[in-house]
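Written below as structure tokens is the structure these notes are about.
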Amino acid sequence: MDKQKLILFLSGIALSGLLTWLLTLTNIWQLVIIAGIAAGVLNYSIGRGSLSGGIGIFLAWLGMILQGLFTNNTTALLDAFTGLLGITGFAWLIYIIIGILGFILGALGGAIGGGLIKLIIPTDRDSQ
Amino acid sequence: MGKIDKKNLTAFIIVSVVTVGVITAFSLPFGMIPALGNLLFPGGGIWNIPGEVPEYEELDVFNLNDDVTIIRDKWGVPHIYARNEADLAFALGYCHAQDRMFQMDMGRREVQGRLAEVLGELAPGVEEYDKFNLALGMKYWSEKTAEYALELQENGTIDYMDDWTKYADGVNYYLDTHKNQKPLEYYLLDFEPERWNIVDSFSYTAYMSSMLIMQFSDLTRYSDLMAYQSSGYEEWYFEKYNNVHPYQIPIVPEYGGYSSLPVPQSFKLDISTANIELANGFTNFLDSIDDLPYQTDLLTREYTHGSNNWVVNGSKTTTGKPILCNDMHLAWNSPGIWYEAHLVCENTGLNTYGFTIAGVPIPVVAHNNYVGWGFTNSGMDVQDFYYYEEVNDTHYIYNKTTIPYTFKNYDIKVKGQKEPIELVIKETVHGPVVSELSYMGFSAENFGLENVVLATQWTLYNITNTFRALYGFNHATNLVEFNEASKFFDVPGQNIVYADVYGNIQIRPTAHVPIRDDSNIPSWHTGNGTLPYNGSNGEGDWIGYIPFGDLPVSTNPIQKYLTSANQVSVGPDFTQYHLQSYGYADGYRARRINEVLSAALDGTIDIEFMKNLHLDIKSVPAAEFTPIILTELDNYYGSSKPLSISSIYTILDEWDDYRMDKDLVAPTIFRVWRNEIYDAIYGDESNQYNIDAYPDFNLVEYIMKENATSHWFDDVTTTSTIENRSDCIVKAMNQTITYLTNLFGSENPTTWRWGEIHKGAFPDLLGIGVGYIGPFELDGSGYTVTPSGIGLRSNSVRYATHGASERLIVDFSNLNNSISVIPSGQRAIQSSKHYSNQLIELFLQGKYHEQWFTNTASNFPTQAISSQIYFKGGT
Chain A
0 MDKQKLILFL SGIALSGLLT WLLTLTNIWQ LVIIAGIAAG VLNYSIGRGS LSGGIGIFLA
60 WLGMILQGLF TNNTTALLDA FTGLLGITGF AWLIYIIIGI LGFILGALGG AIGGGLIKLI
120 IPTDRDSQ
Chain B
0 MGKIDKKNLT AFIIVSVVTV GVITAFSLPF GMIPALGNLL FPGGGIWNIP GEVPEYEELD
60 VFNLNDDVTI IRDKWGVPHI YARNEADLAF ALGYCHAQDR MFQMDMGRRE VQGRLAEVLG
120 ELAPGVEEYD KFNLALGMKY WSEKTAEYAL ELQENGTIDY MDDWTKYADG VNYYLDTHKN
180 QKPLEYYLLD FEPERWNIVD SFSYTAYMSS MLIMQFSDLT RYSDLMAYQS SGYEEWYFEK
240 YNNVHPYQIP IVPEYGGYSS LPVPQSFKLD ISTANIELAN GFTNFLDSID DLPYQTDLLT
300 REYTHGSNNW VVNGSKTTTG KPILCNDMHL AWNSPGIWYE AHLVCENTGL NTYGFTIAGV
360 PIPVVAHNNY VGWGFTNSGM DVQDFYYYEE VNDTHYIYNK TTIPYTFKNY DIKVKGQKEP
420 IELVIKETVH GPVVSELSYM GFSAENFGLE NVVLATQWTL YNITNTFRAL YGFNHATNLV
480 EFNEASKFFD VPGQNIVYAD VYGNIQIRPT AHVPIRDDSN IPSWHTGNGT LPYNGSNGEG
540 DWIGYIPFGD LPVSTNPIQK YLTSANQVSV GPDFTQYHLQ SYGYADGYRA RRINEVLSAA
600 LDGTIDIEFM KNLHLDIKSV PAAEFTPIIL TELDNYYGSS KPLSISSIYT ILDEWDDYRM
660 DKDLVAPTIF RVWRNEIYDA IYGDESNQYN IDAYPDFNLV EYIMKENATS HWFDDVTTTS
720 TIENRSDCIV KAMNQTITYL TNLFGSENPT TWRWGEIHKG AFPDLLGIGV GYIGPFELDG
780 SGYTVTPSGI GLRSNSVRYA THGASERLIV DFSNLNNSIS VIPSGQRAIQ SSKHYSNQLI
840 ELFLQGKYHE QWFTNTASNF PTQAISSQIY FKGGT
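Chains A and B, in that order, give the protein sequences. Sequence positions in the first sequence follow numbering that gives the first Met the number 0 and run 0 to 127. Sequence positions in the second sequence follow numbering that gives the first Met the number 0 and run 0 to 874.
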């Protein structure tokens, strides 16, 4: 990865992370896909966009998870939820699943963003 | 711009489709599982649920008259300081919504027949329970009571309905300002809390009453009567129901006591006008009630809800002033039913600390600066059943005249169903027809008689005034004012214990207790609402209620103390009216409390003494029965006891304090033997003659102690021998050993520790494991002052899920010494430290907390403050 792409990749992570934080304020989790799309657009690549968006949302959600974990005792709520599934005490598993899903959502958004920008502004190589 | 790359396009389309699929999958619920994205993903759901209330908050509230300060103490109890009672009510509503919104919501929905609307498939058949509650008229009469209260306000009779409206405003203000901070259960069930209104608050009278006074024993008695008659042993019916109370110590001491000898009332019945087929119908009806989905304990409620209260006057205490205690025994839940609150109003001088029900604007059990009170359930008979001949779908015969039913129509919404269920309730002059509720699979055919319907009447089927009583109690400054307020306490029937700072003590079993017209009942009918009435013959109409002034009461008695533990209210000298039929306790807790209080010397009782009595675990039945068991084992086996019996004998012989201590083995043996002795004595007759011969346990005690040759000891299945008390005790003990060997998987009785099987649990409100707490090993039993009852099954034990729902000790020498505790926490948010802290840190340890009964916010000790809300009003 050349330096410019690396900068864009890292910028994509930062942008998607920042957007994730902002979009959570809407309380509409589905909008988080926009953060991934932004990373994809910035990277102009499905592959790097996916990775960038995935990591960005994952890190943002990880931060929120840690915040909830240490300031709001969300583990108790997740334990209560796992009680519904008959697996009380498996809050840690839910945290892991949330993190993975955050990455997946970011990756999907990044792929959409990367694909979309390439469809809108195809390079010569793309059109060959 | 170049051409679109097909590979890019394909990838874009695939990814987009997958993305839509993923988002959709996490946005939609699957059966019981809610939309997981809404619940779990950061930015929504659980991440918005505040574990704790803010440590400090200032809010401008436009519809408050003045400023209000809410201080939550270290246990999360709100101490609310306002200048007027409307603002006080507003703040309490805010606190209730902040801490207990889901509980409030479900309570009103239960009364209003709206559980299916939010539970749907999560609770299969819950719509049938909604139908049942609607049929019983709880919603209808809650609305009528609210209308009546507003009329009283309009005509100037009362002046506090505006406060109740303000309470609803407080709830709604919280909901409006915290839309994204719903409790977890709302996310799981995927619905929004609706706004609160004044009818919702009035629904709670019905909520508590249905829990405490609904009973079906009239029908059971009728079925029993017919079964006993069919078997040829109708005189046994009176041995079970003869309405005498061996060893009972009545609540009100002024009407005499009961000797140890029951009055025999055995006589031949002429039941030629009774109808055995009808009894079969009642049995069918009871079976269907027992199978009622979602809420299955309707038939057993009356036995599982008890309570204790007692009070001693100043001559008994170390301070010269009364001490009052109360612990109401109700179902254990997380959160518990009670919410502690301290309400202070500068303008009116109100300063009251007590147990509120979230949804109700005023404490139910409390003390203020002058008086205090506590409740136990009185078990008064306030519900009757009537059967009628039905002419057609619209008419029935009442008092030999054909008259039309009245009808009420309801739509029951069910989550997941497009169309609501239409419910039509028929009503007779007495009350709703319950025998045609389709969910019971009940019809004239399986009723046993064609064209017969069954209706019920109860005191809740009316406008109630209990809210006026509660208001009066909280504002009373002396005994006269308290008694004046007591006149309005019409439902549910309670034994109200009272004390004040002037040294008075009092106990008053009170309620609207119906007087029946028994002038035309048949000779076999025992009257007074004890059996169902033939409505078509005009039997048993209610012609009024026992006048308040004629109800029993004891004020400042010679014995210097008063107590109730759901035992019989009055002695044999109370003859003017009929108070109770069935449904009072068999009196063991009351005997123990009386034993301790009567033995206490003057000037010796203090708060520690009362704590110990609250936590007392001596079993009176164990104390009465164990010596008999040991004697009979000796008589039967002599010196050649088998090893298994010998070890049991030693354990019981060394058990000299009869404490149901979780670390001992003897309580385990005695508890199981208590079950087995019932079967040994009454099981044979019950099976042989198809009757339910099992009486209250104090009647077992009676024949054990006073009539060792009672016919009940004989096993009717053996013809060659006549068994006696000794045979039954030995048989029960051998069965006990077999049961416990199987249960513990060990023949070694030293492993049969009571705490291993005597455990309590605190289920979540939904009963689906969302916040379930426990189980915990517990001391005590169903017959100790500290109550908790496990259920023995064939090869397992059901945890105790009811017991003390609060404990309160009020010291009238210094109200700041008063202490209390709930088996839960204040805040029904699973992630809050106040979700279960009183349960874990106090209740299970036998501890209490201070009440910090300070009359101004500025005097509140800073070290006890956990959070503070400041409402800036009038802006």
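Backbone N, C-alpha and C fix where the C-beta goes; we use that ideal spot for every residue, glycine too. Bear in mind that the values here come from a model prediction, so they are computed numbers and not experimental data.
Exercise. Counting only runs of 3+ residues fully inside the stretch 341 to 404 of chain B, write out the beta strand (DSSP E) ranges in chain order.
Key: 350 to 356, 364 to 366, 370 to 376, 382 to 388, 394 to 397 and 400 to 403
Exercise. Determine the DSSP secondary structure at isoleucine 32 of chain B, reduced to helix, strand or coil.
Key: strand
Quiz item: How about lysine 4 of chain A: is its C-beta nearer than 8 Å to some C-beta of chain B?
Solution: no
Quiz item: If you drop the 5 nearest sequence neighbours on each side, which residues of the same chain put their C-beta closer than 6 Å to that of tyrosine 532 of chain B?
Solution: Tyr385, Glu538 and Gly539
Quiz prompt | Proximal chain B residues relative to leucine 65 of chain A, where beta-carbon distance stays under 8 Å | solution = Near leucine 65 of chain A there are no residues of chain B at all, since even the closest Cβ is about 11 Å away, more than 8 Å.
Quiz item: When the distance is taken between beta carbons, is glycine 788 of chain B closer than 8 Å to phenylalanine 775 of chain B?
Solution: no
Practice problem: Please list the partners that leucine 886 of chain B has in chain A, where partner means a Cβ-to-Cβ separation under 8 Å. | Solution: Limits of chain B in this structure are 0 at one end and 874 at the other, which puts residue 886 of chain B out of reach.
Quiz item: If you draw a straight line from the C-alpha of histidine 833 of chain B to the C-alpha of threonine 25 of chain A, how long is it?
Solution: 29 Å
Self-check item: Stretch-stretch touch, CB-based, cutoff 8 Å, three pairs: the stretch 420 to 435 of chain B with the stretch 400 to 411 of chain B
Solution: yes
Quiz item: Using 8 Å as the limit for Cβ to Cβ distance, is tryptophan 331 of chain B near chain C?
Solution: The structure shown contains no chain C; its protein chains are A and B.
Quiz item: Applying a beta-carbon distance threshold of less than 7 Å, which residues of chain A neighbour serine 15 of chain B?
Solution: Ile111
Quiz item: Shorter than 8 Å from the beta carbon of aspartate 678 of chain B to some beta carbon of chain A?
Solution: no
Practice problem: Using beta-carbon positions only, say whether threonine 219 of chain B and leucine 135 of chain B come within less than 8 Å of one another. | Solution: no
Practice problem: Using a threshold of 8 Å, state whether the C-beta atoms of lysine 130 of chain B and valine 110 of chain B are closer than that. | Solution: no
Quiz item: Along the chain, where does the alpha helix (DSSP H) that runs through leucine 133 of chain B open and close?
Solution: 125 to 134
Exercise. Establish whether the CB of aspartate 4 of chain B and some CB of chain A are separated by less than 8 Å.
Key: yes
Quiz item: If you measure from the beta carbon of isoleucine 45 of chain A to each beta carbon in chain B, is any gap under 8 Å?
Solution: yes
Quiz item: For chain B, is any of its Cβ atoms less than 8 Å away from the one on isoleucine 32 of chain A?
Solution: yes
Self-check item: Neighbouring residues, chain B, relative to asparagine 72 of chain A (Cβ below 7 Å)
Solution: Gly50 and Ser830
Quiz item: For the beta strand (DSSP E) that glycine 106 of chain B lies in, which residues bound it at each end?
Solution: From DSSP, glycine 106 of chain B is part of no beta strand (DSSP E) but of the alpha helix (DSSP H) over 84 to 110.
Self-check item: For methionine 213 of chain B, the three-state DSSP class (helix, strand or coil)
Solution: coil
Self-check item: glutamine 850 of chain B, DSSP secondary structure in three states
Solution: coil
Quiz item: Taking the Cβ atom as the reference point for each residue, do alanine 484 of chain B and glycine 371 of chain B lie within a distance shorter than 8 Å?
Solution: no
Quiz item: Along chain A, which residues have their Cβ under 9 Å away from the Cβ of tryptophan 74 of chain B?
Solution: Here the premise fails: no neighbours, minimum Cβ distance about 17 Å.
Self-check item: Integer-rounded CB distance, given that serine 725 of chain B should sit under 8 Å from glutamate 631 of chain B
Solution: 4 Å
Quiz prompt | Integer Cβ distance of glycine 169 of chain B from alanine 90 of chain B, believed to fall under 8 Å | solution = 6 Å
Quiz item: Of the choices B:Ile864, B:Cys727, B:Leu63 and B:Asp714, whose alpha-carbon is the least far from that of isoleucine 628 of chain B?
Solution: B:Cys727
Self-check item: For alanine 59 of chain A and threonine 19 of chain A, the rounded distance between their alpha carbons
Solution: 6 Å
Quiz item: Should glycine 570 of chain B go down as buried or exposed, given a rule of 16 or more other Cβ atoms within 10 Å for buried?
Solution: buried
Quiz item: Under 7 Å Cβ-Cβ, which residues of chain B neighbour glycine 114 of chain A?
Solution: Asn7, Ala10, Phe11 and Val14
Quiz item: Who are the Cβ neighbours of leucine 104 of chain A in its own chain at under 7 Å, not counting the five residues just before and after it?
Solution: Val31, Ile32, Gly35 and Ile56
Practice problem: Starting from the N-terminal side, write out each stretch of the alpha helix (DSSP H) that is 4 residues or longer and does not extend beyond the stretch 613 to 640 of chain B. | Solution: 619 to 636
Quiz item: Can you give the Cα-Cα distance for arginine 300 of chain B and leucine 211 of chain B, rounded to whole angstroms?
Solution: Here the model assigns arginine 300 of chain B a pLDDT of 43, short of 50, so the residue's position is not dependable, and the following value carries that caveat. Their Cα atoms are separated by approximately 7 Å.
Quiz prompt | CA-to-CA distance, glycine 773 of chain B to methionine 439 of chain B, given in whole angstroms | solution = Because methionine 439 of chain B carries a pLDDT of 46, less than 50, the predicted location of this residue cannot be relied on, and the following value inherits that uncertainty. The alpha-carbon atoms of methionine 439 of chain B and glycine 773 of chain B are separated by roughly 34 Å.
Quiz item: If you measure from the beta carbon of asparagine 47 of chain B to each beta carbon in chain A, is any gap under 8 Å?
Solution: yes
Quiz item: Does the Cβ of proline 53 of chain B have 16 or more other Cβ atoms within 10 Å, making it buried, or fewer, making it exposed?
Solution: exposed
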